[in-house]
Each structure stands twice: as C-alpha cells, then as structure tokens.
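To keep things clear, I will list the structure first and then write my remarks on it.
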Amino acid sequence: MSQQNKELSERYDIAIIGAGMGGLACGAMLAKKGLSVLVAEQHFKPGGYCTSFKRKGFHFDVGLGWINGAERGGIISNTLQELDLKNEIEFIELDPALGVVGSDYNLPMIPF
C-alpha cells in the first residue's frame with residue numbers, strides 16, 4: 001500500500017465512489033452514525049443525474065425527470081427526515097406530464 005493510501009485509510013473509515021444522490025445519502029447516513037467518510041467524485045460538482053448546468057444562457061437538466069418516493073412515507077421523504085433535512089427541500093407536486101389514453105379510458109402517469 002502506498003504511503004498516500006495508508007494515510008487515507010487511517011483518516012477515513014469508509015470511502016464512497018460517486019457523489020450522486022445515492023452516494024451523498026449513504027455518506028450522510030454513515031457520517032451521522034459517527035463514521036469518517038470520504039465521498040469521491042470525478043465531476044467538478046456533486047449530484048450525478050440530479051444536477052444541471054448553464055451554457056450560453058440556457059439551463060440544462062442532466063437527466064432526472066421526476067423523483068418517485070418524495071411523497072409522505074416514501075423512501076426519499078424518509079431519508080430526508082432521517083438526515084434532518086426534511087425542512088430544507090420543498091417538493092412541488094406537478095400535474096401529470098404523461099398518460100395512456102384509449103377510446104374508453106385515460107390513465108395519467110403520476111408518481112406513486
């Protein structure tokens with residue numbers, strides 16, 4: 001093991017590769033339990049598919065369209081609650097953007 005790796009392994013209990021939603025949530029939960037955590041990310045800003053950027057005056061979402069589990073009791077909501085972040089984020093319920101329409105039915109696609 002190199003000296004640099006040895007120093008890192010002595011400084012951190014755990015290393016997480018990737019600062020997307022999962023890596024950040026995992027790191028925050030482990031840190032809350034008292035572990036020393038290193039989250040490594042190759043990009044210059046965290047967020048993974050839950051981020052955006054601006055170019056030439058335009059705003060681009062990287063990929064996340066909607067989040068399932070943000071409703072009361074859902075996985076996202078419960079994770080934010082556990083990390084004491086529930087009041088830091090406001091989710092806005094949107095009208096269904098998609099749906100399946102037939103001759104005698106209309107099924108809006110909404111997060112559940």
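Start counting the sequence shown at 1; every next residue gets the next number (the UniProt record's numbering). Glycine residues also receive a C-beta, built at the ideal position from the N, C-alpha and C atoms.
Contact between the stretch 72-86 and the stretch 28-37 is present, with at least three C-beta pairs closer than 8 Å. For Gly23, the enclosing alpha helix (DSSP H) begins and ends at Met21 to Lys32. Spatial neighbours of Tyr12 in its own chain (CB-CB distance under 6 Å, excluding positions within 5 residues in sequence) are listed in chain order as Ser36 and Leu38. Under the three-state reduction of DSSP output, Arg55 falls in the strand class.
In the structure shown, the three-state DSSP call for Ile17 is strand. DSSP places Leu64 in the coil class of the three-state scheme, outside both helix and strand.
In the DSSP assignment, Leu107 falls within the beta strand (DSSP E) that extends over Asn106 to Met109.
Judged by DSSP secondary structure, Leu85 falls outside any alpha helix (DSSP H); it is assigned neither H nor E. In the DSSP annotation of this structure, Ala70 is not part of any beta strand (DSSP E), being labelled neither H nor E.
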